[in-house]
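Below is one structure, written out as structure tokens; the observations come after it.
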Amino acid sequence: MNVYFGNPYSIVSEKYIAKQCFEQWKGSAGHYRNMMYPYYKGTATSVKLGRSDGTFSIYVAIQNFSFE
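For the sequence shown, our numbering gives the first residue as 48, with consecutive numbering after it.
As structure tokens, this is what we get:
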């Protein structure tokens, strides 16, 4: 799971968010192992924008893998 705390206006595009999430997942041994697991047949990714403390927005990104 990725969590970003910061000014939402500095997030410039969906491509930027996707690249940041991918790089963070790739840099995590556990996430990378799941990404490279040869028996997974499908994957789903979700990104949600929310509020942390009312000052700034956050985004949370998750990955799900399936054998089907």
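Each residue gets a CB set at the ideal place from its N, CA and C atoms; glycine is no exception.
Since we're looking at a predicted model, the values are computed, not measured.
ask   = Using the beta-carbon count (16 or more within 10 Å), is A108 buried or exposed?
value = Mapped onto the sequence shown, residue 108 falls at position 61. A108 should be labelled buried.
message = For F114 and K88, which I take to be in contact (beta-carbon distance under 8 Å), what is that distance rounded to the nearest angstrom?
response = As a working mapping, residue 114 is identified with position 67 in the sequence shown. As a working mapping, residue 88 is identified with position 41 in the sequence shown. Yes, they are in contact, since the Cβ atoms of F114 and K88 sit about 6 Å apart, within 8 Å.
Pairwise C-alpha distance: Y84 and F104 = Residue mapping note: residue 104 aligns to position 57 of the sequence shown, counting from 1. Residue mapping note: residue 84 aligns to position 37 of the sequence shown, counting from 1. Here residue 104 is Ser; the residue named in the question, Phe, does not match the sequence. One C-alpha to the other measures close to 33 Å.
message = Given this structure, state the Cα-to-Cα distance separating W72 from K95, to the nearest angstrom.
response = Taking the first residue of the sequence shown as 1, we reach residue 72 at position 25. Taking the first residue of the sequence shown as 1, we reach residue 95 at position 48. Cα to Cα, W72 sits roughly 17 Å from K95.
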